[in-house]
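Heads up: the protein sequence lines correspond to chains A, B and C, in order.
Each residue of the first sequence is one higher than the one before, counting from 915 in our numbering.
Each residue of the second sequence is one higher than the one before, counting from 2 in our numbering.
Each residue of the third sequence is one higher than the one before, counting from 4 in our numbering.
From the three backbone atoms N, C-alpha and C, an ideal C-beta is built for every residue, glycine too.
Please read these numbers as outputs of a predicted model, since none were measured by experiment.
The structure appears right after this line, and notes come after that.
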Amino acid sequence: MSMLEIESLKRSFGGLVAVRNVTFNVNEGDFLGLIGPNGAGKTTLFNVISGVLRPSAGTVRFLGRDISGKPANQTVRQGLSRTFQAATIYPEASVIENAARGTLASSLTGLWGGFLSSKWRVAAEEKAFHVLDLFGLTRRAALKARELSYGEQRRLGVAIALASDPKLLMLDEPVAGLNPEEAAELASVLRRVKSERGVTMVMVEHHMRTVMGLCNRVVVLDHGTLIAEGTPAEVVSNPLVIEAYLGKEAVHA
Amino acid sequence: MNPPTIKPMYYVGVAVAVVLAALLPWFAPNQFYIHLATLGCMNLMLVLGLAIIARAGQLSMGHGGFALVGGYVSALLSMRGWSPLLSLFIAGLVAAAIAAALGWIILRLRGVYFVLVAFAFSQIAVLLALDMSFVTGGANGLVGVPPISIFGHVLLTKPQFYPFALVCALTTLLLTWLLYRSPLGTMMAATAENQRLTESSGIDTHRVQVIAFTIGSGIAGFAGALSTHYLRFISPDSYTFWESVSYLTMLVVGGRDGVLGPVVGVLVLTPLPELLRATEGLQHIIYGAMLVLCLMFVPNGLASLVQTWRSRQRVAGTGAAIVAEEVT
Amino acid sequence: MSMEIILVQTVVNGLMVGMIYVLMAIGFTMVFGIMRIVNFAHGEFYMVGAFLFAILYGSNDVPFSISVLLAVGATALLGLLMERIVFRRFRGNELNGMIASVGVALILQNSVLLMWGSSSRTVPPVISGVLSVGGIVFPWSRLVVIIGAIVAVVSLNLLIGHTRIGRAMRAVAQDAEIAQVQGIRVDVIFPVAFVLGVSLAAFAGVLMAPVLSVSPFIGLAPTLKAFVIVVIGGLGSVPGAVAGGLLIGLIESFAGTFVSASLSEILQFLVVIAVVLLRPQGLLGRKEREA
Chain A
915 MSMLEIESLK
925 RSFGGLVAVR
935 NVTFNVNEGD
945 FLGLIGPNGA
955 GKTTLFNVIS
965 GVLRPSAGTV
975 RFLGRDISGK
985 PANQTVRQGL
995 SRTFQAATIY
1005 PEASVIENAA
1015 RGTLASSLTG
1025 LWGGFLSSKW
1035 RVAAEEKAFH
1045 VLDLFGLTRR
1055 AALKARELSY
1065 GEQRRLGVAI
1075 ALASDPKLLM
1085 LDEPVAGLNP
1095 EEAAELASVL
1105 RRVKSERGVT
1115 MVMVEHHMRT
1125 VMGLCNRVVV
1135 LDHGTLIAEG
1145 TPAEVVSNPL
1155 VIEAYLGKEA
1165 VHA
Chain B
2 MNPPTIKPMY
12 YVGVAVAVVL
22 AALLPWFAPN
32 QFYIHLATLG
42 CMNLMLVLGL
52 AIIARAGQLS
62 MGHGGFALVG
72 GYVSALLSMR
82 GWSPLLSLFI
92 AGLVAAAIAA
102 ALGWIILRLR
112 GVYFVLVAFA
122 FSQIAVLLAL
132 DMSFVTGGAN
142 GLVGVPPISI
152 FGHVLLTKPQ
162 FYPFALVCAL
172 TTLLLTWLLY
182 RSPLGTMMAA
192 TAENQRLTES
202 SGIDTHRVQV
212 IAFTIGSGIA
222 GFAGALSTHY
232 LRFISPDSYT
242 FWESVSYLTM
252 LVVGGRDGVL
262 GPVVGVLVLT
272 PLPELLRATE
282 GLQHIIYGAM
292 LVLCLMFVPN
302 GLASLVQTWR
312 SRQRVAGTGA
322 AIVAEEVT
Chain C
4 MSMEIILVQT
14 VVNGLMVGMI
24 YVLMAIGFTM
34 VFGIMRIVNF
44 AHGEFYMVGA
54 FLFAILYGSN
64 DVPFSISVLL
74 AVGATALLGL
84 LMERIVFRRF
94 RGNELNGMIA
104 SVGVALILQN
114 SVLLMWGSSS
124 RTVPPVISGV
134 LSVGGIVFPW
144 SRLVVIIGAI
154 VAVVSLNLLI
164 GHTRIGRAMR
174 AVAQDAEIAQ
184 VQGIRVDVIF
194 PVAFVLGVSL
204 AAFAGVLMAP
214 VLSVSPFIGL
224 APTLKAFVIV
234 VIGGLGSVPG
244 AVAGGLLIGL
254 IESFAGTFVS
264 ASLSEILQFL
274 VVIAVVLLRP
284 QGLLGRKERE
294 A
């Protein structure tokens, strides 16, 4: 079943078209990689899908419901969560508090509950501890988030997004700026999240090895247009993709 | 922050402080101290209102405007025969309603614009009070506002009024503390720290900020009304821009996170204007200097000094626990 | 008085007040554009300039031109001092910078109050008489304010548009980091911009001193006006400050003459809300880039 359906999606800024007529689906259980050379419109597409930007035309359907142009806070409550490249944590709050804040939208008390009882707090922290455990951050729970190493901060960012119990998790360049060791560690955490929680994932990533190692399907964008779609093996041997990445000469040589 | 596991010592401290405050009329050398304590109670409410707004990441430079509105609403209603005890709450609700309407329009925008609109609103509240002299008495204000009476018990003198002000202030303090611990309070703190991330955790941050602004301004309206019934007088000069600034000073000097900050700020800064009444300019210079110096050297306020010390102890404790765990 | 005369006087008044607002708003917007600080103390420098001028020219008969130079120069020095001690620590920190500027406003206003008292002073007119054109008379005292303000705005424009330091200031306003990479000494540009803004405010105070009475409390209103104008015109935009200043000056003058002063304030408030909602980048401002 298709979890996310992107149909003829377009987004322009002034006269500049960043994403043109993109159509693809994400199926339940997929780990979809979204790749493309610099300036291909990946981040714009990502922002439109997750509700940070409005589409200029086209629709985004999540679990059969049209979510195009809906604010991010609503799509999250329907089960679509995302991470950001930078500033993905609450630096002054403790690590456990960071993860607990991720659970707020799904907590049962709503906006006005929880004034007199602290049951919601216990429940939120229990959930947060489970997530931290999955990400290997339990030991760090009492530290302030800004005291973590860079790699740990990136992992915490994903943990916050996962704390809202998403059905679909969208990751914006999760390993950018990490050293190979940290990147491998994050990749293994993501694999574990995938197998233990059964979360469907979409990832924008430059780092080819991470994409090839994690994703079962890959979508390639170039100049805002979808140029290829398939398994990692299919995509890397596609001449259009090679051309987009390496330029024409490389293909003819 | 995590709700720190509250130690019995903490409760004892709070209880002692409350009892001392309640017993003040019996050991105060003269009525002036009771007057000062009453002003402190009202300042505390106003500063807590401002703190709630700041908790959600906004700064209101027009806080006095809402107190002014509250003061006039309650004065006018009670002078037309309404029970002051009821009109106090109506004053708070009117101020909250104005804040909700204004906030809904304006809080979508960046902080600077919000500051301007709240600032301009308070100026207009003063102008309207001056201009609509047929209702507000113009520059002379309203004299002879009825005192508060509770079940026929009229609060006329300072020692009579003080317990009521203290109950109001402590209730506000308790409610603020509960708010900060609730999911809504957690959302407010999250919004202030990283709005985009909070939004993408499924929280409508705009709504959270409007609610904070509404609650904070409603408290200001209530406190303004309370003060009007205490002084039995209100005029356009009662809450000018500089009053808004003094609440901001108390908040920044005391500390912006937690409920301890406002208490410390009010305790430190309420006595100052009254003690330096003779040289009017000097108290404001001291306010200004404390504001600037605090921002430079203790940007999280005097209360943060206590918290830093406490968290250092806590970190030491956690470290010891981890070591113990590794040994076993 | 015939309608015609009232109309002309209203326009002249509007232009005079408007030009003063323009001077205030340009300084305010420069400090915001370059240092990212909303300066609530801006009007206090206006007040200090007016006060010094009132003391020198009004009370001690110091010659006019020397009084102007001394009043503006001393205020500029005060501005430099404040930039060194306070403002430079808060550049880029919008929230704390704003709060700190409120502290500075408190200190300045009340220091003047302590030193020279709260009573207001009047300054004798610098020039008397009227200019009569086709039967309509223009009082010279007001025309002088307009002319003086135009001269200041034009010279500032030349400075920003045609000198190296002006180019550097524009570069810093656009992006301080990139400017630094290009070799612009950002730490010099900040005080220069701040002192320029303060000098304009002080000059506005000097121009207004003979028209209004001078007291320690006159600084807040022009601060609010500058803030309003800058938001209407676009935060950081100098042409926006000019257009917004004249607009607000004329609204104020017309509403004040024909309706009431409070109504004009409420009208301005509604204009601000409308602009903020419909065109948050201001009438002449550029959209901020998306992060």
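Out of the options, which has the shortest C-alpha to C-alpha gap to residue i?
i: A:Arg1123; options: A:Arg1106, A:Leu1100, A:Leu1135 and A:His1137; result: A:Leu1100
i: A:Glu1119; options: A:Pro1153, A:Val1132 and A:Ser926; result: A:Val1132
i: B:Leu78; options: B:Thr280, B:Met62 and B:Val95; result: B:Val95
i: C:Met6; options: C:Val115, C:Glu268, C:Phe261 and C:Leu273; result: C:Phe261
i: C:Ser121; options: C:Ala258, C:Ile221, C:Val245 and C:Ser256; result: C:Ile221
i: B:Ala372; options: B:Pro184, B:Ala290, B:Leu306 and B:Val307; result: A question about residue 372 of chain B goes unanswered here, because the residues of chain B that appear run from 2 up to 329.
i: C:Gly82; options: C:Val217, C:Gly239, C:Ala204 and C:Val234; result: C:Ala204
i: A:Ser982; options: A:Ala1013, A:Gly993, A:Gly965 and A:Leu994; result: A:Gly965
i: B:Val127; options: B:Cys169, B:Phe152, B:Thr250 and B:Gly66; result: B:Gly66
i: A:Asp1086; options: A:Gln1067, A:Ile1156 and A:Gln999; result: A:Gln999
Along chain B, in chain order, which residues have C-beta atoms closer than 7 Å to that of residue i?
i: C:Phe272; result: Ala121 and Ile125
i: C:Glu255; result: Ordered by position in chain B, no residue passes the 7 Å Cβ test against C:Glu255, which lies about 13 Å from the chain.
i: A:Thr1002; result: Leu198
Using the beta-carbon of each residue, which ones in chain B are nearer than 8 Å to residue i?
i: C:Ile304; result: Any property of residue 304 of chain C remains undetermined from this structure, which presents chain C solely from 4 to 294.
i: A:Ser1078; result: Ser202 and Gly203
Can you find a CB in chain B that lies within less than 8 Å of the CB of residue i?
i: C:Ser3; result: Only positions 4 to 294 of chain C appear in the structure, and residue 3 of chain C is not among them; the question remains open.
i: A:Ala986; result: yes
i: A:Leu930; result: no
i: A:Gly1016; result: yes
i: A:Val1116; result: no
i: A:Thr937; result: no
i: C:Glu47; result: no
i: C:Val20; result: no
i: A:Ala1007; result: yes
i: A:Arg1069; result: no
Does any C-beta atom of chain A lie closer than 8 Å to the C-beta of residue i?
i: B:Met189; result: no
i: B:Ser228; result: no
i: B:Pro184; result: yes
Would a check of beta-carbon distances place residue i closer than 8 Å to chain C?
i: B:Phe242; result: yes
i: B:Ile286; result: yes
i: B:Leu277; result: no
i: B:Val254; result: no
i: B:Asp132; result: yes
i: B:Tyr114; result: yes
Using DSSP with H/G/I as helix, E/B as strand and the rest coil, what is residue i?
i: B:Met62; result: coil
i: A:Glu919; result: strand
i: A:Ser1175; result: Residue 1175 of chain A cannot be examined here, being either before or after the span of chain A that is shown, 915 to 1167.
i: A:Met1117; result: strand
i: C:Arg94; result: coil
i: B:Ser75; result: helix
i: B:Ala18; result: helix
i: B:Asn31; result: coil
Give the residues of chain A in contact with residue i, contact being defined as C-beta atoms less than 7 Å apart.
i: B:Glu200; result: Ala986 and Asn987
i: B:Ser305; result: Simply none; closest approach about 11 Å.
i: B:Ile204; result: Asn987, Leu1018 and Ala1019
Between residue i and the ligand COA, is the CB less than 7 Å from at least one heavy atom?
i: C:Ile88; result: With respect to the ligand COA, the structure offers nothing, as it holds no ligand at all.
For residue i, list the residues DSSP reports as bridge partners.
i: C:Glu268; result: Note: C:Glu268 sits in no beta bridge, so no partner.
i: A:Arg996; result: A:Met1084
i: B:His154; result: B:Ile151
i: A:Glu1143; result: A:Val1133
i: A:Gly947; result: A:Met1117 and A:Val1132
Quick one: list the residues of chain C neighbouring residue i, beta-carbon separation under 7 Å, in chain order.
i: B:Met297; result: Arg92
Given that residue i touches chain B, what residues does it touch there, using C-beta distances under 9 Å?
i: A:Val990; result: Glu200, Ser201, Ser202, Gly203 and Ile204
i: A:Ser1109; result: Those do not exist, as A:Ser1109 stays about 24 Å from chain B at its closest Cβ, beyond 9 Å.
At a CB-CB cut-off below 8 Å, which residues of chain A make contact with residue i?
i: B:Leu179; result: Phe1029 and Leu1030
List the residues of chain C whose Cβ lies closer than 9 Å to the Cβ of residue i, in chain order.
i: B:Pro51; result: A small correction: the amino acid at residue 51 of chain B is Leu; Pro does not occupy that position in the sequence shown. What B:Leu51 touches in chain C: nothing, since even the nearest Cβ is about 12 Å away.
Residue i versus chain A: which residues are under 9 Å apart at the beta carbon?
i: B:Glu281; result: Neighbours of B:Glu281 on chain A: none; closest Cβ ~39 Å, over 9 Å.
With a threshold of 8 Å between beta carbons, is residue i in contact with chain E?
i: C:Glu86; result: You won't find chain E in this structure, because its protein chains are A, B and C.
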